[in-house]
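Trainee: These protein sequence lines are chains E and Y, in that order. The first sequence begins at 0 in numbering that gives the first Met the number 0 and counts up one residue at a time. The second sequence begins at 0 in numbering that gives the first Met the number 0 and counts up one residue at a time. From the three backbone atoms N, C-alpha and C, an ideal C-beta is built for every residue, glycine too. Below are the structure tokens for one structure; questions will follow.
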Amino acid sequence: MQKFFKPFSKSLFNVSKRYISVGETIPHVNLKLVEWKNGEYATTVLDSHSAFANQRVILIGFPGAFTPSCENVHLPEYIKRAAELKADGTDKIFAMSVNDPFVLGAFAKKLAAGDAITWIADGNGEFTKALDAGVDLSGPGLGFRSRRFTMIIENKKVVEFNDEKGPQMTDLSRVVSVLSQLGKLKKKK
Amino acid sequence: MRSTLRLMQKLKVGDKLPAANVHIGVPPVAVNFAEKFGKGRVLVFGVPGAFTPGCTKTHLPGYVKDSAKIRAKFGVNEIVCIAVNDVFVLEAWSMKYDPKQTVTMVSDAVADFATKSGLKVDLPVLGGIRSSRFALIAEDGVVKNLFEEPDGKGLSCSLSESLLAKL
């Protein structure tokens, strides 16, 4: 019922801060993907609709490669539990940040991520802006970045969106929350 | 009108170092570039991107290796590397490729120095405006020598070995 009324309420109330909603299709943007292939990280360009079609994926948004929370806690726990996350119908784990492909490749190497994660190098922030998932971190000298968030996306549609609404990390964006949500999705089927 | 024209002109020999807002160190400390490096002799080299091949395999290692020669020959008290990268990326890059920290890393994360100096290049593969590849020597805040790669990213006149040979 709620999903039916959502599109109407948006046009009626003209919300100034728009976040992508559950049920919406992710935007169609060209992505730079950094993937582990034959013992090294390589970059390819693929549009988001092709990248997310006909699969269930997790998308993690994080403020910056090599920043403390991202490096020490947030990404490592997803890498560590990647097999568990992919066990029941999740095809891929994507992680995106406003960083270039070389920085993300070096970051992935440092985390020994292997092929656990497909990285999205959103160097010009285009995908972040299209998702309305940005935050201004000019203060600490980072500039425009992605907020910390996680999404579960099924065949390009957002099924769950856990938005920290900033760079901070709480239980909301951590792996246990996503595992719990995946568990509930499994029960629905 | 004159100040706008000045903004559009590229930094050249005889000009003052730009008063650009940059960050140094982790946690990041905001500094004014001209104030921070405006005393004595300093060598500044710009790189398009930390962890990119040319910067990582050639440009930075050259200055790390030739650091003592550079300081002796040109009388500089500091060798500075500036890039449009944040302090966390630069620290990770520095720790891996310059573990003795012979080079001071300066984060020009919002391209303020690159824009004010005009020493910039648009690199869509990296995500936009980056520092061009250059090397300059300044004395008391005034540029004495400046070498910018003709295409903004090649590996020639801005390398440490080139400066040591030419100047």
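Let me confirm a value: Gly38 of chain E is counted as buried when at least 16 other C-beta atoms fall within 10 Å, else exposed. Which label applies?
Mentor: The residue you call residue 38 of chain E lines up with position 39 of the first sequence. Exposed, since its Cβ has fewer than 16 Cβ neighbours within 10 Å.
Trainee: Using DSSP's beta-bridge definition, name the partner residues of Ile152 of chain E.
Mentor: The residue labelled residue 152 of chain E in the question sits at position 153 within the first sequence. Answer is E:Val56 and E:Val157, bridged to Ile152 of chain E.
Trainee: Note the first and the last residue of the continuous alpha helix (DSSP H) segment covering Phe51 of chain E.
Mentor: The residue given as residue 51 of chain E occupies position 52 in the first sequence. Here the alpha helix (DSSP H) through Phe51 of chain E covers Ser47 to Phe51.
Trainee: What residue from E:Asp87, E:Ala111, E:Val56 and E:Ala129 has the CA that sits closest to Lys186 of chain E's CA?
Mentor: By 1-based counting over the first sequence, the position of residue 186 of chain E is 187. The shortest C-alpha separation from Lys186 of chain E is found at E:Asp87.
Trainee: Can you give the Cα-Cα distance for Lys164 of chain E and Val21 of chain E, rounded to whole angstroms?
Mentor: For the purposes of this step, residue 164 of chain E is identified with residue 165 of the first sequence, where counting begins at 1. For the purposes of this step, residue 21 of chain E is identified with residue 22 of the first sequence, where counting begins at 1. In a straight line, the C-alpha of Lys164 of chain E is about 15 angstroms away from that of Val21 of chain E.
Trainee: Should Gly48 of chain Y be flagged as near chain C, meaning a C-beta pair shorter than 8 angstroms?
Mentor: Of the protein chains in the structure, E and Y, none is chain C.
Trainee: On the DSSP bridge list, what partners appear for His27 of chain E?
Mentor: Working through the first sequence from its first residue, we reach residue 27 of chain E at position 28. BP columns for His27 of chain E are empty, so no partner.
Trainee: Is any beta-carbon of chain E found at less than 8 angstroms from that of Val79 of chain Y?
Mentor: Indexing the second sequence from 1 puts residue 79 of chain Y at position 80. No - not a single Cβ of chain E is within 8 angstroms of the one on Val79 of chain Y.
Trainee: Closest by CA to Ile128 of chain Y, which one among Y:Lys72, Y:Gly140, Y:Ala110 and Y:Leu145?
Mentor: Residue mapping note: residue 128 of chain Y aligns to position 129 of the second sequence, counting from 1. Closest by alpha carbon: Y:Ala110.
Trainee: Leaving out five residues before and five after Ala81 of chain E in sequence, what residues of the same chain have Cβ atoms less than 8 angstroms from its Cβ?
Mentor: In the first sequence, the residue the question calls residue 81 of chain E occupies position 82. Closer than 8 angstroms at Cβ, skipping near neighbours: Ile92, Ala115 and Ile116.
Trainee: Excluding the 5 residues flanking Gly53 of chain Y on each side, which residues of the same chain have their C-beta closer than 6 angstroms to its C-beta?
Mentor: Taking the second sequence and counting its residues from 1, the one referred to as residue 53 of chain Y is at position 54. Result list for Gly53 of chain Y: Leu154, in chain order.
Trainee: If contact is defined by three or more beta carbon pairs under 8 angstroms, each pair taking one atom from either stretch, is the segment 133-151 of chain E in contact with the segment 38-52 of chain E?
Mentor: Flag = no, the segment 38-52 of chain E and the segment 133-151 of chain E do not touch.
Trainee: Shorter than 8 angstroms from the beta carbon of Leu16 of chain Y to some beta carbon of chain E?
Mentor: Position 17 of the second sequence, counting from 1, holds the residue named residue 16 of chain Y. Not an interface residue.
Trainee: Are the beta-carbon atoms of Thr24 of chain E and Val56 of chain E separated by less than 8 angstroms?
Mentor: As a first step, residue 24 of chain E is located in the first sequence; it is residue number 25 there, counting from the start. As a first step, residue 56 of chain E is located in the first sequence; it is residue number 57 there, counting from the start. Result no, Cβ atoms of Thr24 of chain E and Val56 of chain E do not sit closer than 8 angstroms.
Trainee: For Thr66 of chain E, go through chain Y and note every residue whose CB falls closer than 7 angstroms to its CB, in chain order.
Mentor: Locating residue 66 of chain E in the first sequence gives position 67, where the first residue counts as 1. Within 7 angstroms Cβ-Cβ: Phe87.
Trainee: Give the C-beta separation of Leu16 of chain Y and Ile136 of chain Y to the nearest angstrom, bearing in mind that I take them to be a contact with Cβ-Cβ under 8 angstroms.
Mentor: Along the second sequence, one-based indexing puts residue 16 of chain Y at 17. Along the second sequence, one-based indexing puts residue 136 of chain Y at 137. Between Ile136 of chain Y and Leu16 of chain Y the Cβ distance is about 11 angstroms, and since that is not below 8 angstroms, they are no contact.
Trainee: Please confirm whether Gly48 of chain Y and Asp162 of chain E have their CB atoms less than 8 angstroms apart.
Mentor: On the second sequence, position 49 is the one that residue 48 of chain Y refers to. On the first sequence, position 163 is the one that residue 162 of chain E refers to. It is not a contact, given that the beta carbons lie outside the stated cut-off.
Trainee: Under 7 angstroms Cβ-Cβ, which residues of chain E neighbour Leu125 of chain Y?
Mentor: Residue numbering aside, residue 125 of chain Y sits at position 126 when the second sequence is read from its first letter. Ordered by position in chain E, the residues that pass the 7 angstroms Cβ test against Leu125 of chain Y are Asp99 and Gly122.
Trainee: So what's Phe65 of chain E in DSSP terms, helix, strand or just coil?
Mentor: Here residue 65 of chain E corresponds to residue number 66 of the first sequence, with the count starting at 1. Looking at Phe65 of chain E - three-state DSSP - the assignment turns out to be coil, as it is neither helix nor strand.
Trainee: Return no unless some Cβ of chain E is closer than 8 angstroms to the Cβ of His58 of chain Y.
Mentor: As a working mapping, residue 58 of chain Y is identified with position 59 in the second sequence. No, its Cβ sits nowhere closer than 8 angstroms to a Cβ of chain E.
Trainee: From the DSSP output, in three-state form, read off Tyr40 of chain E for me.
Mentor: Taking the first sequence and counting its residues from 1, the one referred to as residue 40 of chain E is at position 41. Strand.
Trainee: Run through DSSP, which three-state label would Arg80 of chain E get?
Mentor: Looking up residue 80 of chain E in the first sequence gives position 81. Correct three-state label for Arg80 of chain E: coil.
Trainee: Exposed or buried, Gly138 of chain E, counting other C-beta atoms within 10 Å across all chains shown (16 or more means buried)?
Mentor: Start at 1 with the first residue of the first sequence, and residue 138 of chain E comes out as number 139. Per the 10 Å Cβ criterion, exposed.
Trainee: Ignore the nearest five residues each way along the sequence and tell me which others in Lys143 of chain Y's own chain have a CB closer than 7 angstroms to its CB.
Mentor: Locating residue 143 of chain Y in the second sequence gives position 144, where the first residue counts as 1. Cβ neighbours of Lys143 of chain Y beyond the five flanking positions: Val12, Ile136 and Ala137.
Trainee: Identify which residue in E:Leu110, E:Lys31, E:Lys79 and E:Ser145 has its Cα closest to the Cα of Glu70 of chain E.
Mentor: Within the first sequence, residue 70 of chain E is the residue found at index 71, counting from 1. Here the closest residue by C-alpha is E:Leu110.
Trainee: So, Phe106 of chain E versus Ala41 of chain E, is the Cβ gap smaller than 8 angstroms?
Mentor: Reading the first sequence from its first residue, position 107 is the one you call residue 106 of chain E. Reading the first sequence from its first residue, position 42 is the one you call residue 41 of chain E. Cβ atoms of Phe106 of chain E and Ala41 of chain E: not closer than 8 angstroms.
Trainee: How would you write the range of the alpha helix (DSSP H) that Ser116 of chain Y sits in, first residue to last?
Mentor: Position 117 of the second sequence, counted from the first residue, corresponds to residue 116 of chain Y. From DSSP, the alpha helix (DSSP H) with Ser116 of chain Y extends over Asp111 to Ser116.
Trainee: Taking a cut of 7 angstroms between CB atoms, which residues from the segment 116-144 of chain E lie near chain Y?
Mentor: The segment 116-144 of chain E vs chain Y, Cβ under 7 angstroms: Gly122, Asn123, Ser137, Pro139, Gly140, Leu141 and Gly142.
Trainee: Measure from the C-beta of Val28 of chain E to each C-beta in chain Y and report whether the shortest distance is under 8 angstroms.
Mentor: For the purposes of this step, residue 28 of chain E is taken as the residue at position 29 of the first sequence. Val28 of chain E does not count as touching chain Y.
Trainee: Starting from Ser106 of chain Y, trace the beta strand (DSSP E) in both directions and tell me its first and last residue.
Mentor: What you label residue 106 of chain Y is simply residue 107 of the second sequence in a count that begins at 1. Segment Thr103 to Ser106, the beta strand (DSSP E) holding Ser106 of chain Y.
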